[in-house]
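Chemist:
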Amino acid sequence: EDKVVQSPLSLVVHEGDTVTLNCSYEVTNFRSLLWYKQEKKAPTFLFMLTSSGIEKKSGRLSSILDKKELFSILNITATQTGDSAVYLCAVGMETSGSRLTFGEGTQLTVNP
Amino acid sequence: DTGVSQDPRHKITKRGQNVTFRCDPISEHNRLYWYRQTLGQGPEFLTYFQNEAQLEKSRLLSDRFSAERPKGSFSTLEIQRTEQGDSAMYLCASSSQQGAVREKLFFGSGTQLSVL
Chain S
195 EDKVVQSPLS LVVHEGDTVT LNCSYEVTNF RSLLWYKQEK KAPTFLFMLT SSGIEKKSGR
255 LSSILDKKEL FSILNITATQ TGDSAVYLCA VGMETSGSRL TFGEGTQLTV NP
Chain L
514 DTGVSQDPRH KITKRGQNVT FRCDPISEHN RLYWYRQTLG QGPEFLTYFQ NEAQLEKSRL
574 LSDRFSAERP KGSFSTLEIQ RTEQGDSAMY LCASSSQQGA VREKLFFGSG TQLSVL
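Those protein sequences? They're chains S and L, same order as listed. Mapped onto our numbering, the consecutive letters of the first sequence carry residue numbers 195 to 306. Mapped onto our numbering, the consecutive letters of the second sequence carry residue numbers 514 to 629.
(1) Taking only three categories from DSSP, how would you classify GLU288 of chain S?
(2) Using a cut-off of 8 Å between C-beta atoms, extract the partners of SER540 of chain L located in chain S.
(3) I want to see whether chain L comes within less than 9 Å of TYR230 of chain S, judged by CB atoms only; does it?
(4) Got a sec, what are the start and stop residues for the beta strand (DSSP E) THR300 of chain S sits in?
(5) Per DSSP, which one or two residues make a beta bridge with ALA606 of chain L?
(6) What does the alpha-carbon distance come out to for the pair LYS584 of chain L and ILE539 of chain L?
(7) Distance check for SER246 of chain S and LEU259 of chain S, CA to CA, integer angstroms please.
(8) According to the Cβ coordinates, are ASN216 of chain S and PRO202 of chain S closer than 9 Å?
(9) Can you name the start and end residues of the beta strand (DSSP E) that ARG225 of chain S belongs to?
(10) Alpha carbon to alpha carbon, how far is ALA272 of chain S from GLU209 of chain S?
(11) Expressed to the nearest angstrom, what Euclidean distance is found between the alpha-carbon atoms of THR214 of chain S and GLY529 of chain L?
(12) DSSP three-state label for GLN597 of chain L, please.
(13) Tell me the residue span of the beta strand (DSSP E) that contains GLN563 of chain L.
(14) Where does PRO556 of chain L land, buried or exposed, given buried means 16+ other C-beta within 10 angstroms?
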């Protein structure tokens with residue numbers, strides 16, 4: 195069975211800290227890995243990764259994929275209270291059309 | 514790009530009643546998805562459409578659930594004879610068919626269903 199596992203499940207930090215969120219996967223015919231941020235309702239897209247070793251960056255957020263070890267990390271530097279959210283990792287597979295399989299998410303809380 | 518819209522935002526119903534949700538995808542997107550999310554869990558795939566064709570349904574999807582996308586634009590998700598276990602957030606998403614970005618899903622804000 196296809197599996198996407200995120201860790202930690204929850205994390206509390208202070209503003210200015212750097213955090214690393216983890217996502218590991220066991221799926222057949224991997225195609226892509228995506229990160230989403232979910233603040234209240236709608237998950238919003240952050241990154242899509244398809245190749246190993248190529249870092250994607252957007253401001254203070256960055257992500258990288260390791261297809262050999264089957265994991266990805268999402269880094270957030272100089273955290274702000276607005277970064278508080280659930281961060282979801284999802285995997286797309288060649289055999290699943292464009293359906294995504296999601297992990298449970300990491301609940302990040304950034305305190306002032 | 515007006516985004517994905519869902520209606521209603523909240524629905525409270527009694528066990529045994531039927532409910533229907535609507536999703537309007539981003540206009541140029543031909544793929545539409547329904548997911549269900551419960552507290553503390555990631556979204557769980559239910560079904561997806563390419564244009565008006567329903568291409569995949571989760572094997573977890575009960576016969577009480579049915580989805581349509583009659584003209585390849587908006588979609589409806591109906592749950593018949595609701596049960597308390599159906600209480601969840603129902604998320605709709607859409608994407609473009611174009612190769613590399615077809616998995617980049619854009620989500621609506623969801624319909625929160627509470628079955629009493």
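Virtual Cβ for every residue (Gly too), placed ideally from N, Cα, C.
Modeler: Inspection of the coordinates gives the following:
(1) helix
(2) Residues of chain S passing the Cβ test: none, with the nearest at roughly 17 Å.
(3) yes
(4) 300-305
(5) L:TYR546, L:PHE620
(6) 14 Å
(7) 5 Å
(8) yes
(9) 224-232
(10) 7 Å
(11) 45 Å
(12) helix
(13) 557-563
(14) buried
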